[in-house]
Structure formats: C-alpha cells, structure tokens
Amino acid sequence: MQTRKTDSLSVLWRSFRLATWLGWQIESNWADPFLFAVYSLIKPLSSAAILVIMYSVITQADFESPIFPYIYLGNAFYMYVGHVMTGISWAVIDDREHYKTMKYIYTAPVHFPSYLLGRGVARFIIASISVLVTITFGVLFLKISIDPSQVNWGFFLLTLLTGVAMLALMGLTLAGVMLLLVHHMFGVGEAVAGALYLFSGAIFPLEVLPAYLRPIGFLMPITYWLELLRRLLVGKVASSFPTLQSFSNLQLYLILVTLTLLFAMLSFFVFRLCEKRAKELGLIDTVTNY
Amino acid sequence: MNFAIETNHLSRIYKIRNNKKGNAKELVALQDVSLEVHPGELFGLLGPNGAGKTTLIKILTTLLAPTSGTAFVCGYDVVKEAHKIRPIINMVSGGESSGYGLLTVRENLWMFAQFYGLSSKEANQRILQLLEVVGLADRINTKSSDLSTGLRQKMNIVRGFLTDPQVLFLDEPTLGLDVSASRDVRRFIRQWLDEHPERTILLTTHYMAEAEELCDRVAIINQGRVLACDTPASLKHRLQRQAIYHLEISQVNHHYSDDLKTIQGVREFVLRPRDGYTVLELILDRDETLAAVVNSLTENQGRIINLQKREPTLEDVFVDLVGKSMEDVERGNNGVNHSES
Ligand SMILES: Nc1ncnc2c1ncn2[C@@H]1O[C@H](COP(=O)(O)OP(=O)(O)O)[C@@H](O)[C@H]1O
Ligand SMILES: [Mg+2]
Numbered sequence: 001m002q003t004r005k006t007d008s009l010s011v012l013w014r015s016f017r018l019a020t021w022l023g024w025q026i027e028s029n030w031a032d033p034f035l036f037a038v039y040s041l042i043k044p045l046s047s048a049a050i051l052v053i054m055y056s057v058i059t060q061a062d063f064e065s066p067i068f069p070y071i072y073l074g075n076a077f078y079m080y081v082g083h084v085m086t087g088i089s090w091a092v093i094d095d096r097e098h099y100k101t102m103k104y105i106y107t108a109p110v111h112f113p114s115y116l117l118g119r120g121v122a123r124f125i126i127a128s129i130s131v132l133v134t135i136t137f138g139v140l141f142l143k144i145s146i147d148p149s150q151v152n153w154g155f156f157l158l159t160l161l162t163g164v165a166m167l168a169l170m171g172l173t174l175a176g177v178m179l180l181l182v183h184h185m186f187g188v189g190e191a192v193a194g195a196l197y198l199f200s201g202a203i204f205p206l207e208v209l210p211a212y213l214r215p216i217g218f219l220m221p222i223t224y225w226l227e228l229l230r231r232l233l234v235g236k237v238a239s240s241f242p243t244l245q246s247f248s249n250l251q252l253y254l255i256l257v258t259l260t261l262l263f264a265m266l267s268f269f270v271f272r273l274c275e276k277r278a279k280e281l282g283l284i285d286t287v288t289n290y
Numbered sequence: 001m002n003f004a005i006e007t008n009h010l011s012r013i014y015k016i017r018n019n020k021k022g023n024a025k026e027l028v029a030l031q032d033v034s035l036e037v038h039p040g041e042l043f044g045l046l047g048p049n050g051a052g053k054t055t056l057i058k059i060l061t062t063l064l065a066p067t068s069g070t071a072f073v074c075g076y077d078v079v080k081e082a083h084k085i086r087p088i089i090n091m092v093s094g095g096e097s098s099g100y101g102l103l104t105v106r107e108n109l110w111m112f113a114q115f116y117g118l119s120s121k122e123a124n125q126r127i128l129q130l131l132e133v134v135g136l137a138d139r140i141n142t143k144s145s146d147l148s149t150g151l152r153q154k155m156n157i158v159r160g161f162l163t164d165p166q167v168l169f170l171d172e173p174t175l176g177l178d179v180s181a182s183r184d185v186r187r188f189i190r191q192w193l194d195e196h197p198e199r200t201i202l203l204t205t206h207y208m209a210e211a212e213e214l215c216d217r218v219a220i221i222n223q224g225r226v227l228a229c230d231t232p233a234s235l236k237h238r239l240q241r242q243a244i245y246h247l248e249i250s251q252v253n254h255h256y257s258d259d260l261k262t263i264q265g266v267r268e269f270v271l272r273p274r275d276g277y278t279v280l281e282l283i284l285d286r287d288e289t290l291a292a293v294v295n296s297l298t299e300n301q302g303r304i305i306n307l308q309k310r311e312p313t314l315e316d317v318f319v320d321l322v323g324k325s326m327e328d329v330e331r332g333n334n335g336v337n338h339s340e341s
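The listed protein sequences correspond, in order, to chains A and B. Residues in the first sequence are numbered from 1 upward in steps of one, following the working numbering. Residues in the second sequence are numbered from 1 upward in steps of one, following the working numbering.
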C-alpha cells in the first residue's frame with residue numbers, strides 16, 4: 001500500500017539530504033543579494049584586511065617574510081571553524097525557538113545527528129566561498145605565492161574534507177550542549193571558534209604560547225589540519241615554522257585522521273548523552289505551550 | 001490483544017531549580033496514570049490548563065522521558081523503542097504557529113512527508129487532497145509566513161494527517177481557532193477516522209463540548225491524575241439521579257456563596273459573574289432542594305432572572321469530580337501539588 005523506506009542507512013541518508021536542502025533554503029533566503037555579498041565576501045575580506053594592517057604595523061610591512069602567508073592562510077582557513085560549528089549547532093536553536101518545528105522533526109523517523117549535520121552543509125558552502133575569495137585576494141594583491149602546478153590538489157582536497165568532517169563533529173557536540181541550554185545564547189559557535197583560535201596555530205606558532213597552554217594546541221586536530229593545508233598550498237615556506245617541523249605531510253595527515261576518528265566517537269557519545277539528558281529534563285522542545 | 005496506547009502507573013515530576021536558594025522544587029505533572037486506548041478509538045483527554053495533558057502527549061510521542069511507570073504505543077515501549085514508534089505516529093499541537101516560514105505550504109508539507117519516507121509523487125497527491133479538504137488548496141504556493149495564524153494551524157493539521165499515522169496525537173488542535181475554523185477541524189478529524197477505522201487518535205482539549213462531540217471515550221484529568229474514564233454518555237450517566245439547574249440571577253453579595261455551601265442537598269455549584277448578572281450552575285441531590293436555594297437567594301436580596309432544568313454535561317461531571325469548574329481551577333493555583341525536596 002505504501003512505499004516507505006525504513007532501513008536505517010536510507011534513514012541516515014534521507015535525514016542528511018533533506019536537512020541539507022532545508023539548510024540551503026534557509027541560508028540562501030536572502031531577501032537582498034546585497035546582504036549575501038556582505039556576508040560571504042565583504043565580511044571575510046574586511047577581517048583579512050584588519051589582520052594585514054596589524055601585521056604591517058607590527059612588522060613594518062615585511063610582507064616578504066614567510067610568516068605572512070602563514071598567518072594569512074591560517075586566518076582564511078580558520079573561517080571554516082566558526083561557520084561549520086555554528087551551522088550545525090545553531091539548527092537546534094533555530095528549530096526550537098524560531099520555527100518551533102523541533103518536536104515535529106524530533107518525533108519524525110529522522111536520524112537526529114544526520115539531520116543536524118545536514119543543516120550545516122549550507123554554511124560550509126558559504127564558508128568555502130569566503131575562503132576562496134580571501135585566498136584569491138591574497139594571491140592577487142598581497143604577494144602570497146601559490147604555484148598551482150606544485151600543489152597536490154588531491155591531497156589538499158582530502159585534507160580539507162577530513163578537517164571539515166572533524167569540524168562538523170565538533171559542531172555536533174556543541175549541538176548536544178545547545179539541547180541542554182534553556183536560554184538561547186547567540187553566537188556560541190563563533191565564541192567557541194574564537195576561543196580555540198589562539199590555540200590552533202592559526203596566526204602564530206604554538207611556541208608563542210606559555211608552555212602550560214601548548215598541550216591544548218597539540219591535542220586539537222585543527223592545529224594539524226591548518227598546518228597541513230598551508231604546507232600543501234605554499235610548500236616549503238610554511239615549514240620554516242618550528243611547531244610541527246619534524247612531521248612529514250603524511251604523518252600530519254595520519255594524526256589528523258586519528259584525532260578525527262577519536263573525536264567522532266567522542267562526539268556521538270556526548271551528543272547521545274546530551275540528548276538523553278534533554279529528554280529527561282523536558283528540554284527537547286522548550287517553547288511548547290505549557 | 002494489543003492496545004494502540006497503554007500506560008501503566010505513569011508519572012512525571014518536573015524539578016524546578018530555585019536559582020537563589022539552590023533547593024529544587026518538585027512539580028508533579030502526571031501521577032500514576034494508567035490508560036488503555038483501543039485501536040480505532042478517538043480518545044479524549046479532558047482537563048484544565050496545567051492538568052498534564054501535554055506532558056502525557058510528550059511522553060507518548062517520545063519527546064520526554066517519564067519519571068516512573070511505563071508507556072507503550074502500538075506495543076512499543078516509548079523509552080526503549082522510540083525508533084519503532086516514530087515512523088507510525090504523528091503529532092499536532094494547536095495554539096502555536098510552527099513551520100518554516102520561508103518555505104511554501106507545499107514545501108513545508110513535502111519535506112515532512114519525505115522524512116517519513118513517502119515518495120514525492122504520493123506526497124504531492126496527498127498534500128493537494130488534504131489541502132482541499134481543509135480549504136487551503138488555493139494557498140499551496142504561499143510562503144507559510146504569509147498565512148494567518150489560523151491557516152498556519154490548518155497547514156500544521158494537514159502535516160499530521162499527511163503521513164497516515166497509525167496513532168495520531170492532537171494536542172488541543174482547535175486552540176486559538178475561530179468558531180467556524182474549529183468546526184471545520186472537528187469535522188475533518190471525525191471524517192478521517194470514519195474513513196480510516198483502524199487508526200487511533202488521542203486528542204486533548206479543555207473544551208467540554210469538543211470532547212463530548214468528538215470522542216468515543218474521555219479521560220477527565222486534573223492535577224496530573226485521571227479522575228474518570230468512560231464514554232461521554234456513561235460519564236454523564238453518573239449524574240442521572242441528580243437534578244441539574246441553570247439559573248441566571250441578579251447580582252448578590254458574596255455571602256451567598258457561603259450560604260449555598262450550608263444548604264443540605266446542594267452537591268456542587270458554580271457561580272459565574274457575567275455582565276450585569278450572575279450565572280449559577282447547580283447540581284442538587286433532588287429537585288426539592290431548589291426551594292431552599294431560592295429562599296437563600298431572597299434572603300441575600302437576589303432575584304431570579306432565568307431558571308432552567310437541564311441535562312448533565314461533561315462540565316457537570318468535571319465539577320462533580322473536582323468540586324470546582326475548570327475555569328476556577330485554571331484561575332486558582334494550578335499546581336497545588338507542590339512539595340519541597
Ligand atoms: N518543562 C517544564 N518544566 C517545569 N514544569 C513544567 C514543564 N512543562 C510543564 N510543566 C508543568 O507541569 C504541569 C502540567 O503541564 P502540561 O502538561 O503542559 O498541562 P496541560 O497541557 O494540561 O495544560 C503544569 O503545572 C506545568 O506548569
Ligand atoms: Mg497543554
């Protein structure tokens with residue numbers, strides 16, 4: 001009588017696919033294309049500009065130094081962190097407080113983590129545009145030299161996607177925590193991204209940090225991810241930095257994958273724990289008419 | 001035989017944290033609820049605001065964990081087998097405008113149908129069909145944010161029926177709708193069940209007439225407890241030996257209420273101040289008691305504007321069980337069953 005697929009893999013895929021569609025409808029729903037431009041082009045460029053000005057003041061405009069592409073690219077790729085984590089975790093607040101659909105999504109035959117991951121895809125695409133624009137700007141106007149024929153694009157793409165998967169899993173953990181927050185907090189994703197910024201080697205080597213803070217950086221997969229992305233794009237220049245010099249590219253990738261897998265297990269575990277707790281406390285949909 | 005819904009000694013306690021003192025208050029939202037709903041039934045949960053109706057629906061729809069007791073939907077445990085329940089149920093809450101405002105009516109409904117694994121073709125057919133029934137077909141391509149609250153609620157109701165659930169939970173589906181829209185919705189609910197006799201609906205309401213008109217069986221719930229559960233006719237049958245009167249009287253002083261309490265044979269009464277007069281609903285043990293009531297009225301300088309003997313309603317059953325009207329329960333402190341812990 002009915003044509004319904006219910007086996008679990010297809011539920012996973014269905015949840016992810018529909019959430020991606022929905023997320024894109026929401027993110028691309030710009031009443032005004034001007035807003036879209038501000039959001040995905042002007043904002044990243046202006047933050048890059050601030051970085052360039054600060055750099056130029058501190059180093060007396062020493063743009064030849066290998067530290068410049070190191071900082072510039074680190075900052076550019078770091079944009080993924082805020083976007084991806086926010087995209088996924090914010091879906092909890094959005095569905096719960098704004099659209100008031102959380103209970104209908106939650107009680108539907110949906111694989112909840114896959115749904116939330118799907119909701120982050122649109123922000124990933126927007127982040128990619130921002131990153132691309134920022135790097136292109138750097139290459140054209142700031143003498144960042146990337147030689148496309150020297151770049152192993154396959155490896156680069158693999159690294160990029162592995163890192164994005166890692167960020168998505170961090171976003172899922174954050175989404176779990178959001179389920180437990182009664183008062184919605186704006187910009188939690190951005191705040192977490194901001195807090196981790198200093199420990200990820202994005203704009204300075206970990207050696208700059210006091211010794212007791214460095215382990216945080218070495219434990220974070222983001223650190224290895226950023227390092228590898230930079231090395232793959234600007235080669236030797238980036239490896240003149242001390243932090244991870246002793247590791248080969250392959251070693252960096254293996255560390256990244258290992259940490260990502262550990263994070264994957266941890267984040268699903270934490271998410272399910274938060275979900276269970278939210279159900280006990282009655283927080284899955286906090287805005288119903290009680 | 002399997003029940004569509006079954007609960008055994010189900011209880012739910014909310015812990016409310018008291019920020020300043022650090023000690024938690026406990027609020028008993030459901031207490032020892034045992035219900036059995038048969039497949040094919042339209043089962044009503046009737047009770048005032050704060051009675052625990054939504055809490056029960058949340059537990060049954062796998063949104064909320066019970067504190068103790070067990071609950072089953074189509075034989076599946078709501079805690080351990082939530083994933084088996086979700087594909088075969090659906091839920092609609094009234095009195096809220098949910099939905100993705102930036103999507104059209106069709107897109108909203110299509111997406112939810114997809115979550116349940118309906119094919120696009122089947123979904124689109126049903127969407128059109130159901131929208132026609134509720135009179136929303138001409139708005140199919142309207143962004144749902146452009147719909148009025150009432151129309152949005154109708155869209156939401158269609159969303160619930162769209163997936164043809166085995167068990168459908170309707171939490172105050174007509175809350176906030178105007179009279180004619182409410183009537184449409186009630187007719188639609190009844191019609192759907194007539195056409196799908198093996199489906200089950202659990203409906204909550206605090207409108208007596210709605211429960212009376214729609215439901216095969218009704219559980220009366222107050223302060224988390226089920227006080228009675230039967231067909232509307234049998235519930236009313238409990239009051240067949242009582243004499244029930246509806247009076248409209250001129251304004252009286254407030255002693256009158258105290259005086260009524262002392263009259264032998266006045267089982268329950270409800271006073272409702274209206275514009276310029278007062279309505280007095282009386283449940284008397286026998287007709288003869290009316291004389292004493294009228295005497296007392298005269299003593300309190302009141303007079304009768306209108307008097308009618310009438311048949312019992314579910315309203316009277318509630319008053320008889322609780323000792324207060326639903327309005328009075330809602331006006332007074334709802335959660336009196338607090339306890340410090
Ligand atoms: N999440 C919650 N936290 C604390 N108290 C709650 C919560 N949800 C409901 N309550 C309380 O539980 C009682 C029952 O509420 P509810 O089930 O919504 O009743 P109804 O749907 O019959 O109006 C009420 O006293 C309400 O204030
Ligand atoms: Mg309610």
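Yeah, the Cβ is synthetic: ideal placement off N, Cα and C, and Gly gets one too.
* Asked: Can you give the beta carbon distance from A/Leu12 to A/His111, rounded, assuming they're within the 8 Å contact cut?
  -> 5 Å
* To do: Quick one: which unbroken alpha helix (DSSP H) runs of 4-plus residues sit fully inside the stretch 72 to 123 of chain B? Chain order, please.
  => 82 to 85, 105 to 115
* CB contact below 9 Å: A/Trp90 versus chain B -> no
* To do: Spell out a yes or no on whether the stretch 186 to 203 of chain A and the stretch 113 to 121 of chain A are touching, meaning 3 or more CB-CB pairs, one atom from each, closer than 8 Å.
  => no
* Which residue or residues does DSSP assign as beta-bridge partners of B/Glu248? -> B/Val279, B/Asn306
* Just by C-beta distance, which residues in the stretch 28 to 57 of chain B are closer than 7 Å to chain A? -> Thr54
* Asked: Since B/Phe115 contacts B/Leu162 with CB under 8 Å, what's their CB separation in whole angstroms?
  -> At roughly 11 Å, the Cβ-Cβ gap does not stay under 8 Å, so B/Phe115 and B/Leu162 are not in contact.
* Residues of chain B with a CB under 8 Å from the CB of A/Thr107: which are they? -> Thr61, Thr62, Leu63, Arg86, Ile89, Asn90, Met91
* A/Glu27 to B/Gly95, Cα distance in whole Å? -> 28 Å
* Any heavy atom of ligand 1 within a distance shorter than 8 Å of the CB on B/Leu27? -> yes
* Asked: If you count every other CB in all the chains shown that lies within 10 Å of the CB of B/Lys236, and 16 or more means buried, which is it?
  -> buried
* C-alpha gap between B/Ile157 and B/Leu239, whole angstroms -> 35 Å
* **Cβ-Cβ separation, A/Asp95 to A/Ile105 (assumed contact under 8 Å), whole Å** => 6 Å
* To do: Run down chain B in chain order and give the residues with a C-beta less than 7 Å from the C-beta of A/Val110.
  => Phe115
* Asked: Who are the Cβ neighbours of A/Leu51 in its own chain at under 6 Å, not counting the five residues just before and after it?
  -> Asn75
* **Status (buried if at least 16 other CB within 10 Å, exposed otherwise) for A/Met265** => exposed
* For A/Lys276, which three-state DSSP category applies? -> helix
* Asked: Taking all protein chains shown into account, do 16 or more other C-beta atoms lie within 10 angstroms of the C-beta of A/Asp285, making it buried, or fewer, making it exposed?
  -> buried
* Under the three-state DSSP convention, the category A/Ala211 falls into -> coil
* To do: Kindly indicate the opening and closing residues of the beta strand (DSSP E) around B/Arg272.
  => 266 to 273
* Within the chosen definition, does the stretch 296 to 304 of chain B reach the stretch 249 to 265 of chain B through at least 3 CB pairs nearer than 8 Å? -> yes
* Do the stretch 224 to 235 of chain B and the stretch 187 to 205 of chain B meet, that is, are 3 or more Cβ pairs less than 8 Å apart? -> no
* So is B/Thr55 buried or exposed if we call it buried at 16+ other beta carbons inside 10 Å? -> buried
* Hey, is A/Asn289's beta-carbon within less than 9 Å of any beta-carbon in chain B? -> Below a pLDDT of 50, predicted positions are generally treated as unreliable, and A/Asn289, at 35, falls in that range; no measurement from the model is reported.
* Could you tell me how far apart the beta carbons of A/Phe271 and A/Ala211 are, in whole angstroms, since I believe they sit closer than 8 Å? => Their Cβ separation, rounded to whole angstroms, is 33 Å, which puts A/Phe271 and A/Ala211 out of contact at 8 Å.
* So the beta strand (DSSP E) B/Phe43 belongs to, where does it begin and stop? -> 42 to 46
* **Beta carbon proximity, B/Phe188 to chain A, threshold 9 Å** => no
* Asked: CA-CA distance, A/Val38 and A/Tyr72?
  -> 20 Å
* To do: Using alpha carbons as the reference points, say which of B/Thr7, B/Ile16, B/Leu147 lies closest to B/Gln31.
  => B/Thr7
* Determine the DSSP secondary structure at A/Ile144, reduced to helix, strand or coil. => coil
* Asked: To which residues of the same chain is B/Asp285 closer than 7 Å at the C-beta, ignoring the five residues directly before and after it?
  -> Gln242, Gly265, Arg267
* To do: On the DSSP bridge assignment, give the partners of B/Arg225 in chain order.
  => B/Asn222
* Asked: Between the stretch 16 to 43 of chain A and chain B, which residues of the former have CB atoms less than 7 Å from a CB of the latter, in chain order?
  -> Leu18, Leu22, Gln25, Ile26, Asn29
* If we count the other Cβ atoms within 10 Å of its Cβ and call it buried at 16 or more, is B/His206 buried or exposed? -> buried
* To do: Thinking B/Leu60 and B/Phe188 are a contact (beta carbons under 8 Å), I'd like their distance in whole angstroms, please.
  => Not quite, the Cβ-Cβ distance comes to about 22 Å (not below 8 Å), so this is no contact.
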